[in-house]
Each structure stands twice: as C-alpha cells, then as structure tokens.
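Quick notes on the structure that follows.
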Amino acid sequence: MTEPLWRPSAKAVADANLTAFMKKAHARFGAPQEGRKEGYEAFHAWSVAEPEAFWELVWDECGIIGEKGDKVLVDGGKMPGAKFFPEARLNFAENLLRLKDESPALHFNQEGARGRSWNWRELHDEVSRMAQAFRAFGLAPGDRVAAFMPNMPETVIAMLAAASIGAIWSSCSPDFGVKGVLDRFGQIEPKLLIACDGYCYNGKELPCGDKLAEIVAALPTLEKCITVPLIGADVSAVKNQISWEEAAAPYEAGKIAFEPLPFAHPLYIMFSSGTTGAPKCIVHSAGGTLLQHLKEHRLHCDIKPGETLFYFTTCGWMMWNWLVSGLAAGATLALYDGSPFYPSGNVLFDYADALRVNVFGASAKFIDALKNDHFRPAETHDLGAMRMILSTGSPLVPEGFDYVYDAVKKDVALCSISGGTDIVSCFVLGNPIGPVYRGQIQAKGLGMAVEVWDEEGKPLSSGKGELVCTKPFPSMPIGFWNDEEGKKYRAAYFERFENVWCHGDFAEPTAEGGMIIHGRSDATLNPGGVRIGTAEIYAQVEQLEEVMESVAIGQDRDGDVRVVLFVVLRAGEELTDDLIKRIKTKIRTGASPRHVPAKVIAVADIPRTKSGKITELAVRDVVHGRAIKNKEALANPEALKLFENIAELQA
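The sequence shown begins at 30 in my numbering and counts up one residue at a time.
Encoded structure:
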C-alpha cells in the first residue's frame, strides 16, 4: 500500500461535519458507521445505492430553507429525465442570505489593494435595495440577467438580487472580447446587463466603455445596463445605462421578497469553453446547485460557519458560482480580482494571511507556476489558519503534490478536485476524514455513482478509461438553452453509453480508493491505437528545469497518429539536441515508450482558455490546417499563429 503524504488528526476526524453526518445516516437509515478510508468507501457506496435517503439527509442536515415535499426522487432510473424533490419550493438567494449579523460576509482584494468588506447585514441590505430596483425595471422569474463583471462584491450582490426574484443569472469576465461576449449573451437574450466600467490586470487599468457600448448596442432584448464604477472610466457612450448607486438610491433596505420556486427552476446559464464552436448554453437548477454545493462545502471541504473560503477565479469560470455558494454554509468569502502574480507571486498568500483563510483554492497551473518560479510561501508566510488547499482546472501532477507539502505547507489537506461547468460541481474531490496520496484525487463525491469504463462499457477496477456516472444526481443540467427537444443535451453526455453520463475525462481508479485524471478524452492521443493521456506526458516533461510548460497533440501521419510535443522554455534556454534527448528519456522512463513524442518543438507561448486551461484541440486543429471556430474563447488567441505551417511537421 502506498504511504500517504498526509493524514488528518484524530481530532479533525472526530470534529468533521462528515463524521457527524455519517452518524446521523447510521442512526436514521442504518448507513455504514463513520471511519477513515474504509468507512468513507462504504458510506459512499450507501449514498449511491440509497439516493433518496442520502439526498433527503443532505437537505435536512444542511438546513435548506424551503418546503421539501414528500417525494425525493421521481424517475430515478432515467438519465436524463430523473427529477429530484419535484414538490419542493425554495429560493436560492434566501439560502445564501440566512445570516444577518455584523460578522464578515465578503472581502475584496484587487491585486493587493484591499477594497471594502461587507458584513452580513450590509450584504442583506444591499441585495434588498438592488432586488427592489430589479423589480422596478420589470424583472420577473425566468428573465435573464447577464453580468460582464470582475470577481467583486457587487457581482455577488447582483446575482443574489436576481436569484431572489427567480431571474436566471449568466456571467463572463471583462477580459472577454466583444465577439466572445456576444457569442454567449446573444444566445440567451438578456433583459438586464450588469457591467463594470473597467478592470485591473498586471497593474494596468483597462477601461471597458467602448467595448461595453458595442456589446449593449448588439443585444436587442436589453432594456437596461447597470454600470459599476471600478476604475472611474467613461461609460457615457453606453445606451440605456444607469450607475449602480443611481439604480439602488430610491430604495430603503428592508425585508427581501424571496420568490418561492420549484427545485428545478433555472438559476444559472453557463457556457462551455467554445473553442470548437459556439459555446453551449448549459442551464442549471437552483435546487440542484444549492444541494450539491452544500454537500461539497459542508461534507467534502468541512466548512463551518465563520470560516473563510477563497478561490482564485474569474466570473467566466464555474468556480465563481461554486465559491459564492459558500455563503450558504455560513462561510466568509475572500474575493480577489486581477493577476495572481502582481505585484508578485506572494499576493494571494499575503491575502490569505491577512484574512486567515481556512480553505484556499486555485488552479493546478497556478501551483505549477509557483513551483517553476521557486516560490516558497512556507518560508515567507504564516498560513496558520489554512487547513485545506483545493486545486482544479487541470490535473495536479504528482510533483505538484510534492511542491505543496515541501514549499507551501506541510500540515494541510491538499484536495485535487474535478468536475466541470457541465455539472457546476465535482465528480471526484476531497475527503476530510481520509489520507492524501501523491498524485491522486482522494475520493468519489458522495451521492455520485462514478465509475471508470472501458470502450465496451465495462467497469474497470484498475487501468484507464472513460469517467462515467451511472445514476442521476441533483446538479445535472436542466438542459441546454434553445434545445427544446434535448437533442444537444443528450448528444453531449448520453450518446456514448445509453442512460449513463459520459463526462469526457480519461481517468484511472486507484488501489487507495481515489482517482487520477489523465486529461480530456477528446485530447487523448492514439499512437498505434493505444490511448495515452496528455497529462501523463506533462507530468514528466515539466519536471525538467528548462521547461516552463508544454502541450502535446496527436498529428495524423501516414495512416497513424504520431505524438508531437511543444515546449515553452525558461528564458535563456534553447532546445538543443541534448535537451530533446533528455525530454524523451524522461518521458520514456517516467511514463512509457509509447508516450515518447516523435517531434519536440519549442514555441514561445501556448493558447489557453480564459480560465487558464491549455487548449490541445485548438493546437491540433491549427497543425492540421483546420480553421479555429471561436478564437474569442481564448485568452491569448495570437498564440495560435505559432503553430501554423511548421516546416518540421511536414516531414
């Protein structure tokens, strides 16, 4: 058995929300008793086998405000088609605003500059005023509210005001170009837009007035644009606009009129990355999102009221939606906007120390970048309150685990998590009562019937295959926007295996009960007909000091596929024959001979999405001479040109 990198203390296990929850499940339903690894695995099996008992207990123990009804699950054998809590009535915003005292609810930091903090009473009052303004604008349940906003308190307030009415919220970050915004919001026909006058990144103020005027002019259903002054930029060219203060000014704070709505009432419209075509508009329910996030925050992250939760995210990534739900668990949210490396790579850890952050989240690429730049927060910061570090966005490689425990903090639960925009939550994530093993995601999510299947649809206890979910779960999308017959929705997840969610991740179960994600299935390489996960290559090559990052693709060649590896080298390094040889040797010995690239080519940059994910498919399309359908989805579309007509790939 592999030796773990970290184990929770006996006291932490005894005090965990999950331990108390397991005891309640045992007393009420005869579920397996509490324990460490073996206890969790048995309890997970029960949660999947008895979904009605499990999800009803989540509702009860998480104290969801609303009427539950008598039925927990109808048509539980249908995917899609299952209905959770079909008789329930609730309001998402009411469940996030259950506190109304003087303790902190929101903090804000913009590249090291601390902004205003809001206590729960102030948050409630501002949501009340904005909700009244929204109603005065004619907003009703089902209307769409779009946000072109940074991760700041006003964004959270506007979302809660919209949700209190039953309006549907959708957001993207202000670094999106006009076309990228219209590709998203143009499909959902918003009635109201919330937008900033500009934002900051890398120490620069970037005004949005001209871009915003163009966006507003191109959205014919838009009746009003509320502008939020962040940098003091001119927005006078924006039609039908009113400032945030002007919108709220006529209204006194008071009791919020929370609209009681069905469990499946739409809450969010979220978008796929859009790098292979128009972004898919994924509709998530209020009840499903709330129930799933409370489960993840309370049971998997062990968040207790008054703790501080931080996640580095923009409003264009689902982790923003996940972060905001921390309010329902009574957490204080630490919001941050801007570069995580300005004025230096210490800025997020400075913030974490100042607020005594308990749960700290970022992308795997952020951790890789810290490692590559030799940051050692353990030597420069206290981080005494930090008990959990979360990582997602791409697989966290084993060396990333080593780095965190060596250079960030030794006594911390390092939880790699994986799910996606598709489910606005996780399939696999942390287990606060279990050990952390190098390179592994700790556990399958409770209530999530996660398995790994081979190409014939047979479950694997070892080896690599498709990550699937064989039973319904509450945060499955309601569907896709403008997909009334559900054809696009079914095609996205249910065509590979009938009545089974196929997520598109190439995964591997471990002997320790965890999971390893080897990358996206659609980016899997197939040299000689053998499937290879790209993450397996990155885990090896990025251990080399000379290599900053890399991207691997399969190039069609002579009736087969050959592996091509592109590397971004550290400043001053060159791709010599000796370095190529060391790269190939490292991959051969660390992974396998089949992983060794036929070609290794140096590039200056690698294209990535707005949320920082490397876009292997876009690189592959450029190499094969295929047009990229949606460059606006990329943070750095100019990088695509680096992969055009490379002479070395013609031979």
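Backbone N, C-alpha and C fix where the C-beta goes; we use that ideal spot for every residue, glycine too.
Note that this is a predicted model, so its numbers are computed, not measured.
Have a look at residue i and residue j and give me their C-alpha separation to the nearest angstrom.
i: Ala521; j: Asp263; result: 42 Å
i: Tyr230; j: Ile260; result: 12 Å
i: Glu336; j: Ala247; result: 43 Å
i: Glu243; j: Pro219; result: 15 Å
i: Lys112; j: Ser265; result: 47 Å
i: Pro427; j: Gln216; result: 40 Å
i: Pro538; j: Leu86; result: 28 Å
i: Ala60; j: Tyr69; result: 11 Å
i: Trp35; j: Gln270; result: 53 Å
i: Pro105; j: Val77; result: Looking at the sequence shown, residue 105 is not Pro but Gly. Rounded to whole angstroms, Gly105 to Val77 spans 12 Å at the Cα level.
i: Ser146; j: Pro182; result: 8 Å
i: Val457; j: Met505; result: 15 Å
i: Leu669; j: Ile507; result: 35 Å
i: Glu90; j: His73; result: 17 Å
i: His153; j: Lys129; result: 7 Å
i: Arg65; j: Pro279; result: A caution first: Arg65 carries a pLDDT of 47, below 50, which makes its placement in the model unreliable, though a value can still be read off. Each residue's alpha carbon lies about 55 Å from the other.
i: Cys237; j: His313; result: 29 Å
i: Ala160; j: Val103; result: 34 Å
i: Leu475; j: Glu151; result: 35 Å
i: Ile643; j: Cys455; result: 20 Å
i: Lys439; j: Asp585; result: 45 Å
i: Val497; j: Asp451; result: 13 Å
i: Phe287; j: Pro295; result: 15 Å
i: Leu443; j: Met417; result: 6 Å
i: Ala307; j: Ala472; result: 34 Å
i: Asp589; j: Asp607; result: 28 Å
i: Trp351; j: Val453; result: 7 Å
i: Ile223; j: Ile470; result: 37 Å
Go to residue i, then tell me how far its beta strand (DSSP E) extends in each direction, as first and last residue.
i: Arg517; result: First, the amino acid is wrong: residue 517 is Lys here, not Arg. Note, Lys517: premise wrong, no beta strand (DSSP E); alpha helix (DSSP H) at Lys516 to Tyr522.
i: Ile545; result: Met544 to Arg549
i: Pro538; result: Trp530 to Pro538
i: Pro236; result: Lys233 to Pro236
i: Tyr340; result: Thr337 to Tyr340
i: Gln270; result: Gln270 to Ser272
i: Tyr4; result: This structure leaves residue 4 out entirely; the chain is present only between 30 and 680.
i: Ala176; result: Arg173 to Phe177
i: Gln584; result: Val576 to Arg586
i: Trp482; result: Val479 to Trp482
i: Gly390; result: Val388 to Ser392
i: Gln139; result: Pro133 to Gln139
With a CB to CB cut of under 7 Å and the five nearest residues on each side skipped, what residues in its chain are close to residue i?
i: Asp551; result: Gly533 and Leu646
i: Leu189; result: Ala122, Leu125, Leu126 and Val156
i: Glu275; result: none
i: Met415; result: Ala381, Val386, Asn387, Phe389, Lys438 and Val441
Please confirm whether residue i and residue j have their CB atoms less than 9 Å apart.
i: Leu166; j: Lys309; result: Checking the sequence shown, residue 166 turns out to be Phe, not Leu. No, Cβ-Cβ distance for Phe166 and Lys309 is not below 9 Å.
i: Pro626; j: His547; result: no
i: Ser688; j: Ile462; result: Outside the displayed range of the chain (30 to 680) lies residue 688, so it cannot be described from this structure.
i: Tyr371; j: Gly232; result: yes
i: Ser199; j: Tyr297; result: yes
i: Ala662; j: Gly209; result: yes
i: Phe114; j: Lys100; result: yes
i: Pro503; j: Met108; result: no
i: Arg118; j: Leu323; result: no
i: Val592; j: Pro556; result: yes
i: Asp204; j: Leu235; result: yes
i: Val570; j: Lys615; result: yes
i: Trp273; j: Thr250; result: no
i: Arg173; j: Phe300; result: no
How far does the alpha helix (DSSP H) with residue i in it reach, from first residue to last?
i: Asp606; result: Asp606 to Gly619
i: Ala381; result: Val376 to Leu384
i: His153; result: Trp149 to Ala165
i: Gly413; result: No alpha helix (DSSP H) holds Gly413; DSSP gives it neither H nor E.
Give the C-beta separation of residue i and residue j to the nearest angstrom, bearing in mind that I take them to be a contact with Cβ-Cβ under 8 Å.
i: Ile332; j: Ala315; result: That belief does not hold up - the Cβ atoms of Ile332 and Ala315 are roughly 20 Å apart, past 8 Å.
i: Cys225; j: Phe177; result: 7 Å
i: Thr409; j: Asn375; result: 6 Å
i: Leu135; j: Leu362; result: 5 Å
i: Asn665; j: Asp366; result: So it is not a contact: roughly 19 Å between Cβ atoms.
i: Arg623; j: Val559; result: 5 Å
Please go through the same chain and pick out, in chain order, the residues whose beta-carbon is closer than 6 Å to the beta-carbon of residue i, but skip the five residues on each side of it.
i: Leu319; result: Phe121 and Asn124
i: Glu252; result: Lys220
i: His329; result: Leu458 and Gly459
i: Arg525; result: Cys531
Only counting the same chain, and skipping five residues up and downstream in sequence, which positions put a Cβ closer than 8 Å to that of residue i?
i: Thr31; result: Tyr466, Arg467, Ala540 and Glu541
i: Ala656; result: Asp650
CB of residue i to nearest heavy atom of the ligand HEM: below 8 Å?
i: Thr638; result: For the structure depicted, the ligand HEM is absent and the ligand set is empty, with no information on it obtainable.
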